[in-house]
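S.K.: Here's a structure for you.
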Amino acid sequence: MGFRDGALSRRKVNARGHTRAQGRAARPRVGAPATPGCLVAPLRIINKVAWNIRNYRYVGDVSPCAVNIVYGELCAGRLALPVTDGRALLARGALSVELEPEDVPPFVALPELHPEFCNMSIGQFEGLEDADDVLVNSFHDIEPKEVEYMESTWRAKMIGPAVPSFYLDDHRSPSDKFYGFNYLSGGESCMDWLEKQSANSIVFVSYGTFSEYEAPRLEELGNGLCNSGKPFLWVVRSSEAHKLSEKLKAKCEEKGLIVSWCPQLEVLAHKSIGCFVTHCGWNSILEAVACGVPLVGIPHWADQPTIAKYVQSVWCMGVRAQPGENGWIKRDEVNRCINEVMDGKKKDEHKRNAVNWMQKAKKAMQEGGSSDKNIARFVAKYSST
3 MGFRDGALSR
13 RKVNARGHTR
23 AQGRAARPRV
33 GAPATPGCLV
43 APLRIINKVA
53 WNIRNYRYVG
63 DVSPCAVNIV
73 YGELCAGRLA
83 LPVTDGRALL
93 ARGALSVELE
103 PEDVPPFVAL
113 PELHPEFCNM
123 SIGQFEGLED
133 ADDVLVNSFH
143 DIEPKEVEYM
153 ESTWRAKMIG
163 PAVPSFYLDD
173 HRSPSDKFYG
183 FNYLSGGESC
193 MDWLEKQSAN
203 SIVFVSYGTF
213 SEYEAPRLEE
223 LGNGLCNSGK
233 PFLWVVRSSE
243 AHKLSEKLKA
253 KCEEKGLIVS
263 WCPQLEVLAH
273 KSIGCFVTHC
283 GWNSILEAVA
293 CGVPLVGIPH
303 WADQPTIAKY
313 VQSVWCMGVR
323 AQPGENGWIK
333 RDEVNRCINE
343 VMDGKKKDEH
353 KRNAVNWMQK
363 AKKAMQEGGS
373 SDKNIARFVA
383 KYSST
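Numbered by the working numbering, the letters in the sequence shown go through residues 3 to 387 in order.
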């Protein structure tokens with residue numbers, strides 16, 4: 003487990019005075035046995051080795067509390083496989099909404115179809131009760147019931163949204179605009195293109211760094227985008243581009259721009275973006291929240307169906323596309339969802355709620371906010387040992 007920009011944001015650690023120079027000064031002499039001050043590793047490994055060395059054990063998680071609770075309760079034996087809905091967790095006050103079968107992470111809803119992923123997802127929470135600190139990339143206001151349940155059950159602390167300070171109006175680190183790494187480079191052309199577009203007019207489409215889709219599904223998505231009549235920016239990785247037909251590419255050129263990569267956070271913060279069509283990966287959702295962008299959720303697997311449920315039914319900042327008979331999202335459904343968010347009766351409500359969550363996210367991470375305080379306490383705890 004880890005966070006998108008490292009185990010805690012570097013800007014926060016450095017802001018508290020834990021400098022590289024101090025880190026160098028603390029290194030043992032050559033040849034001396036090294037004793038780590040803080041062990042960051044999968045919990046299975048932590049449980050085997052942590053008691054034999056003088057250190058603290060903390061775990062960081064990159065899913066929302068709602069999903070962590072499902073996996074954590076399964077690991078603790080307080081929930082049984084298969085998980086077909088969320089009624090038991092709702093009754094305990096652990097969740098804000100009842101999960102329907104289609105909202106449950108598929109690894110635990112149909113464990114026989116995904117045994118390896120099921121075991122891995124649940125197993126990562128083994129020994130959670132024994133960790134000194136549990137850090138979660140979320141914030142209190144967006145999941146209040148879930149946060150309080152994790153705090154009381156596993157002593158969890160929220161430290162999110164873990165995005166660069168620039169996008170959270172945190173004036174302590176105004177130059178902090180990047181995560182510090184990119185899998186790919188480029189993106190200048192799409193930013194130039196966005197500068198020429200009207201405010202709130204563009205549909206931004208990105209399915210994450212690693213998601214892969216069959217050619218027919220991409221064809222449905224692409225045709226749905228074109229049929230919506232909205233200009234769009236669509237990220238199709240170079241490894242996926244061959245799946246698009248020449249006919250679809252030509253059709254897309256009339257209304258949109260297809261790129262192989264873009265600086266997603268910078269794009270989401272651009273004034274031209276009207277909605278974000280996303281696979282509902284948690285990092286992408288937090289970035290959209292930080293930028294106040296309404297969503298069209300097209301979840302694929304893992305924690306994404308649960309997150310899509312919250313997008314539509316709890317946070318009310320967008321809609322979730324519904325699959326057809328074969329489980330695919332059809333072009334008409336893509337078209338419907340985009341127009342509902344951009345032009346529908348609830349478009350103002352979706353935007354208003356998105357902006358509201360943006361303001362709450364910024365408040366959590368700014369100086370004195372709930373997540374900022376948790377980060378400060380964590381850093382102070384380990385800096386003093």
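Backbone N, C-alpha and C define an ideal beta-carbon position, used for all residues, glycine too. In this text, all values refer to a predicted model and were calculated from it rather than measured experimentally.
1) Please state whether DSSP places T308 in a helix, a strand or coil.
2) Cβ-heavy atom distance between W330 and the ligand SAM below 7 Å?
3) To the nearest angstrom, how far is it from the Cα of I377 to the Cα of L137?
4) I believe S315 touches V99 by the beta-carbon criterion, under 8 Å. Please report the beta-carbon distance rounded to the nearest angstrom.
5) Comparing C-alpha positions only, which one of P301, L91 and S123 sits nearest to Y395?
6) Tell me the rounded alpha-carbon separation between Q368 and K245.
7) Should R80 be labelled buried (16 or more other beta-carbon atoms within 10 Å of its own) or exposed?
8) So, with DSSP's three-state summary, where would you put V279?
9) Residues bridged to W236 by DSSP?
10) With DSSP collapsed to three states, give me the class of M367.
11) With 16 as the cutoff for other CB atoms within 10 Å, does L392 come out buried or exposed?
12) Quick one, which of L101, A252, R379 and L196 has its alpha-carbon nearest P265's?
13) Nearest CA to the CA of R354: which residue from I309, Q306 and C293?
14) Using a threshold of 8 Å, state whether the C-beta atoms of E221 and S247 are closer than that.
15) Within 10 Å of its beta-carbon, does F180 have 16 or more other beta-carbons around it, so buried, or fewer, so exposed?
16) Have a look at P233 and E190 and give me their C-alpha separation to the nearest angstrom.
17) Contact defined as beta carbons within less than 8 Å: I believe D305 pairs with S140. What is the distance between those atoms, to the nearest angstrom?
18) Does the contact criterion of 3 or more C-beta pairs under 8 Å hold for the region 143 to 152 versus the region 80 to 97?
19) Please return the same chain residues whose Cβ sits closer than 7 Å to the Cβ of S240, not counting the five positions on each side in sequence.
20) Going by C-alpha distance, which of L112, Q199 and C77 is nearest E131?
21) Could you spell out the range, first to last residue, of the beta strand (DSSP E) harbouring L297?
22) Judging by CA-CA distance, which residue of I331, E145 and E342 is the nearest neighbour of V205?
23) Assign T86 to one of two classes, buried (16 or more other C-beta atoms within 10 Å of its C-beta) or exposed (fewer than that).
M.R.: Here's the rundown:
1) helix
2) You won't find the ligand SAM in this model; it holds no ligand whatsoever.
3) 9 Å
4) 5 Å
5) Missing from the structure shown is residue 395; the chain here goes from 3 to 387 and no further.
6) 43 Å
7) exposed
8) strand
9) V207 and I260
10) helix
11) Residue coverage of the chain in this structure runs from 3 to 387, which leaves residue 392 outside it and unanswerable.
12) L196
13) C293
14) yes
15) Exposed, by the Cβ-count rule.
16) 18 Å
17) Cβ-Cβ separation between D305 and S140: approximately 12 Å, too far for a contact (criterion under 8 Å).
18) Counting Cβ pairs under 8 Å, three or more are found: they touch.
19) So the qualifying residues of the chain are S262.
20) Answer by Cα proximity: C77.
21) First-last of the beta strand (DSSP E) with L297: L297 to G299.
22) E342
23) exposed
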